[in-house]
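A quick write-up on the structure given underneath.
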Amino acid sequence: MSEAGPTSAEPHGTGRAMTRGKLLATGATGALAAYGLTASGAAARGMLSRAVLADTVTLASYEENAGIPALAADTKLFTKATGIDVKTHTFAHGPFQEQINSYLQGHPDDVFTWFAGYRMQFFAAKGLATPIDDVWKILTPQMPPAFKAASTGLDGHQYFVPNKNYPWAVYYRKSLWKEKGYTAPRTWAQFVALAKKMQNDGLTPIAFTDKDGWPPMGWFDIINMRINGYDYHVRLMAGKQSWDSPQVKAVFNKWRELFPYYSEGTLGLTWQDGAAQLENKQAGMFLLGGFLTGAMKPANAKDVDFFPFPVVNPRWGQDSIDAPIDGYMISKSPKNLAGAKKLVGFLGTAPAIDAYLKINSGNLGSNRRTNTAKYSPLQKKEAKLIAATKHIAQYMDRDTRPDFASTVMIPSLQSFISDQGSNIPKLVQSIEKQKKAIFGT
Amino acid sequence: MTSAAVDTEAVAVETRAASRPRRRKRRAKPSRVALHAFLILTVLVWASPILWAIFTAMRPYSDTSEHGYVSWPRAFNFTNFTNAYSQSGMLHYFWNSIIVAVPAIFVILLFSSALAFVVSRYSYWFNVPLLIFFMAANLLPQQVVLQPLYRLYLWVPLPTWLSASGYLYDSYVGLIAINVAFQTGFCTFVLANYMKTIPRSLSEAARVDGAGVLRQYFSIMLPLCKPALAALATLEFTFIYNDFLWALILAPSSDVQPITAALNNLQGQFFTDNNLLAAGALLTAVPTLVVFVLLQKQFVRGLTLGANKG
Amino acid sequence: MAGDIATSARVDGARRRKRAVRLSTGDRIAMTVMVGVPVLLTGALIWFPTISSIGLSFTNWDGIGGLHTIQWTGTTNYRQIATIYPPFWPAFRHNLFWLGALAFVGTPLGMFLAYQLDKQIRGSRFYQSIFYIPVVIAPAIIGLISELILSPQQGLISSLFADPRHGHVIDWLGDPSRSLWAVLVLACWRHASYVMIIYLAGLKALDPTLREAAAIDGASGTRTYFRVVLPALKPINIVLVVITVIEALRAFDIVYIINRGRNGLELLSVLITGNIIGEASRIGYGSAIAVVLLTISLVPIVIFVWNSFQEVPES
């Protein structure tokens, strides 16, 4: 069947991409040569017509907005370098995650985009992914150890190749802040005071959206890590701590203090609505991941800056952060295993990441050799933040069991918001009961 | 007790009404005026969601983000429609809907008319249980069968010329099959009642002439059922085109997914603001509206054939 | 309607003359195929899965791994969904509210409209066309139209009564105590249209002599309606009851496309789908809820089937 429509998205600026493409192709070929994975002779000849390609790898992608052409640029490079065709199937971002379980059990594509963390380990442990230790033999010197650790399954084998990550921080528009004379807060008290000031100035102090279900998790994660520390957070996510505890209640109670400063109509707003509120100078701050800028007009995206979430408990300071890692995995029985391994190996290399980030710039590259000179000032600041932070978490829905995150935490956080935090004891009790049923502990 | 009888009665009613002296044109009774006023008001209220969708869709996003959605339009154009159509590749999904609906309608009508023929012309012990078997299948909530059906679809292999995915899952054949299984009951019931009103003498004569079951069915019964078949075809097109759940779960890839289910994904992916969303929704509704406008009589007859069982 | 019974009685009378019909082998094969193929298809795709669902509701399975990984757990799933599964009872209640809204608002409204349209006025065709439209467009599209009206940032209600561009929104979609009612307005809109079509056809087919006789006797319009018309339309009324209940239990598309059926829009159908197809994959839970839905659905199904075969006994 011919595939008109989203699966055949063309990257922007195809004209300029040609010359750039040739340069990157050489770089890519070089990278692959280091692998010993180049197709002999074919790569040297450069452009190959589709008719000659004997090999195909299928790729499932949840990319949206600028991510689609960015990934297309990568697969084009790969095809130029190896002669293997890549058929990309683009799925909607949210539904792809929701249906990942049934997707992987069905007849999935050879390679698929996914996330690091327990969410990856969970599916790998169920036998739904193929280990790629041999690919990592080449990648190991190129990747920071934390990234390799995040790519390793529960059985010690690697299943994941990271290509990008981004921090969760509190973003704002520089021009608005300059106009109103705001400065970045360092402590919780300063944070609340700033919010109050913004409210008096007629702004929505903090954009807050939850129609999608997952955004409040970022708030819970960071407040929990600030109050109780990273190790507690990890154990809580693993089901090893009780939710019906004074520590967790403290997180919700602290969080509740911010409700007067949040957007109205939270539960009906998508994160894109929140980004629009920030862009329109309606809201003063927005806690979200770095992908935020992808939803804004480029001119406004340049005006964006951030500060790391303020200190709550001086014991922990700002030593932890949510900085989720995205990447690729190979499904359990790919039709083209060799091609799939080549593809994921390629996508983790610096030339591929550079090509990707050029088009979808709201992210940071995972590879050590990523060309950071090309980063925008915002990206450089983000990279510094991540490098300087001691503990990196992957975000609640990737750090804990997917069934717990989607069927328990999403509705629980939504009811926390709709109740305006008025019944925390009942809430944590309900979460704990359900957690016991799911984790068995 | 049957559809044809209903229809003939309806025609009789209208003839009788037409032959009555037309008193109403000369005097505008106040109650009539009130009735018209009420109906016009109700029609406006009834159409308002659609009107709002059209209004929103015809305004560019820059206009609404600057002046709000409830404001006098500064610009009025079809850009949202063209963008929604081209950006999302809607044509491909429309085509998927047609590829699923047309064969499905054909098969449904074939199966149900065959079943109805057997049930209405021959008295077997299994006639009533058979009808119950099919009717109840049509009335079940779809989620009851969802999980095992999904597993079944993943398991049944198909040759690649029938299904690109190699399985019943994520294939046109799979979607056609479940729609057929689900809708056959309703159509069988309707056609069985309809066929009961067709005089036996016709098929008797054919049998005496030596025609077998198949000949009686194809040459005699089917042509006589044309009105009912047309009505059901119109109705089934609407049902299958509007199907959401089966396509959402059993054919999720963009290769085969029909348009109504594809809206679920397109909503987040391409229709990033309400203006595009309105345009996309309206475009999706166009085929069913066109069919309805052209075949309104058939559509209504199809719905009432099934309801007026007695 | 009375005339109809007479007609069918005539037909039945003709058929009651049972004649031994001898069928050739070719005929027998033809009939076996004509009946057998649809039966096999429906049996395999509808009835077999239904029975499997009932079976799976007593098990614990995550869907991955073969059938051999299924564990029998008895009634655990049922106990759990009733006690520790927060969305279950709200979903159950919401389905009941849905039923109530369709039954006490949607259906009477449809009947009323049909009655008005039956009054042989000019432009009746035009009015009817407009009223039919909600039935023609997909429920999923009605869900999207709901968003156009109810979205806090960009919707009609919020723009009309608040100031979303400055942060003041009316959020009915996000407010769990309001979202269901807001959506039900649109669901009733559709249901009233559906009811109207069917009821109007029934009214049109009603023998006018009945009403003329009542009018001669001096009965007012309302009296005539309740004493004469309504009883005469009993078969239609039963059909309306059945489809109202079925539609209330089937509701899925609208809420799913708005927000996956969360936050006040939980429905049994959505819970099933989420537990089975979602990232969670709790097959046992999902099947248990499916069985609950099935049990409730059996009531209108049985009524409909019993009603359909009561008046025209097959010989």
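Chains A, B and C, in that order, are what the protein sequence lines are.
Okay, so the first sequence: first residue is 1 according to my numbering, each after it adds one.
Okay, so the second sequence: first residue is 442 according to my numbering, each after it adds one.
Okay, so the third sequence: first residue is 752 according to my numbering, each after it adds one.
Glycine included, C-beta positions come from ideal geometry on N, C-alpha and C.
Predicted model, so just to flag it, every value in this text is computed and none were measured.
| query | result |
| --- | --- |
| Using the DSSP secondary-structure output, state which residues sit across from His-89(A) in a beta bridge. | Ala-60(A) |
| Tell me Ala-852(C)'s beta-bridge partners as DSSP assigns them. | Note: Ala-852(C) sits in no beta bridge, so no partner. |
| Looking only at C-alpha atoms, which of Val-170(A), Leu-236(A) and Pro-260(A) sits nearest to Lys-249(A)? | Leu-236(A) |
| Cβ of Ser-1029(C) less than 7 Å from any chain A Cβ? | Strictly speaking, residue 1029(C) in this sequence is Gly, with Ser absent from that position. Yes, Gly-1029(C) lies at the interface with chain A (some Cβ there is under 7 Å from its Cβ). |
| Given 8 Å as the limit, is there contact between the region 208-221 of chain A and the region 327-337 of chain A, that is, 3 or more CB pairs closer than that? | no |
| Under 7 Å between C-beta atoms, does Val-1021(C) make it to chain A? | no |
| Are the C-beta atoms of Asp-201(A) and some chain C residue less than 7 Å apart? | no |
| Starting from Pro-693(B), find everything on chain D with Cβ-Cβ shorter than 7 Å and list it in chain order. | This model lacks chain D altogether, as its protein chains are A, B and C. |
| Can you find a heavy atom of the ligand GTP that lies under 6 Å from the Cβ of Ile-138(A)? | The ligand content of the structure shown is nil, which means the ligand GTP is not present either. |
| Below 8 Å on the Cβ atoms is my guess for Leu-154(A) versus Phe-123(A); work out the distance and round it to an integer in Å. | At roughly 11 Å, the Cβ-Cβ gap does not stay under 8 Å, so Leu-154(A) and Phe-123(A) are not in contact. |
| Measuring straight from C-alpha to C-alpha, what distance separates Asn-706(B) and Trp-188(A)? | 39 Å |
| Any idea which residues DSSP pairs Tyr-608(B) with across the strands? | Pro-598(B) |
| According to DSSP, simplified to helix, strand and coil, what is Asn-1014(C)? | coil |
| Looking at the secondary structure, which residues open and close the alpha helix (DSSP H) in which Leu-288(A) lies? | Per DSSP, Leu-288(A) belongs to no alpha helix (DSSP H); it is in the beta strand (DSSP E), 283-289. |
| Here's a check: name, in chain order, each residue in its chain whose Cβ is nearer than 8 Å to the Cβ of Gly-36(A), leaving out the five neighbours to either side. | For Gly-36(A), the pLDDT reaches just 35, beneath the cut-off of 50, and the residue's location in the model is therefore unreliable, leaving the point undetermined. |
| Considering Cα atoms alone, identify which of Asn-313(A), Asp-403(A) and Asp-85(A) is closest to Met-225(A). | Asn-313(A) |
| Given Phe-839(C), which residues of its chain have a CB within under 6 Å of its CB, disregarding the five upstream and five downstream residues? | Ile-832 |
| Residues in its own chain within less than 8 Å of Ala-494(B) by CB, not counting five upstream and five downstream? | Ala-719, Ala-722 and Leu-723 |
| Can you have a look at Gln-434(A) and say buried or exposed, based on whether 16 or more other CB atoms are within 10 angstroms of its CB? | buried |
| Tell me which residue opens and which closes the beta strand (DSSP E) that Ser-406(A) is part of. | Premise fails: Ser-406(A) is in no beta strand (DSSP E) and is neither H nor E. |
| Can you tell which of Thr-90(A), Thr-79(A), Val-86(A) and Val-57(A) has the C-alpha that lies nearest to the C-alpha of Gly-709(B)? | Thr-90(A) |
| Compute the Euclidean distance between the alpha carbons of Val-887(C) and Ala-578(B), then round it to the nearest angstrom. | 23 Å |
| Measure the C-alpha to C-alpha separation of Gly-362(A) and Phe-291(A) and round it to an integer number of angstroms. | 5 Å |
| Just to confirm, is the Cβ distance from Gly-626(B) to Met-576(B) under 7 Å? | yes |
| Can the beta-carbon of Gln-394(A) be found less than 7 Å from the beta-carbon of Gly-181(A)? | no |
| Would you kindly work out how many angstroms separate the C-alpha atoms of Val-408(A) and Val-192(A), rounded to a whole number? | 29 Å |
| Can you check whether the C-beta of Phe-496(B) is within less than 7 Å of a C-beta belonging to chain C? | no |
| Would Asp-922(C) count as contacting chain A if we go by Cβ distances under 7 Å? | yes |
| For chain A, is any of its Cβ atoms less than 7 Å away from the one on Gln-904(C)? | yes |
| My output table needs one value for Phe-1060(C): the three-state DSSP class, helix, strand or coil. | helix |
| Taking just the CA atoms, how far does Ala-60(A) sit from Pro-108(A)? | 8 Å |
| With a threshold of 16 other CB atoms inside 10 Å of the CB of Gly-743(B), please say whether the residue is buried or exposed. | buried |
| Quick one: residues in its chain with C-beta nearer than 6 Å to the C-beta of Ser-804(C), no 5 flanking neighbours on either side, listed in chain order? | Ser-1038 and Ala-1041 |
| In angstroms, rounded to a whole number, what distance separates the CA positions of Val-1056(C) and Trp-798(C)? | 17 Å |
| Under a CB-based cut-off of 7 Å, is Asn-811(C) close to chain A? | no |
| Just reading off the beta strand (DSSP E) that His-391(A) is part of, what are its end residues? | 391-393 |
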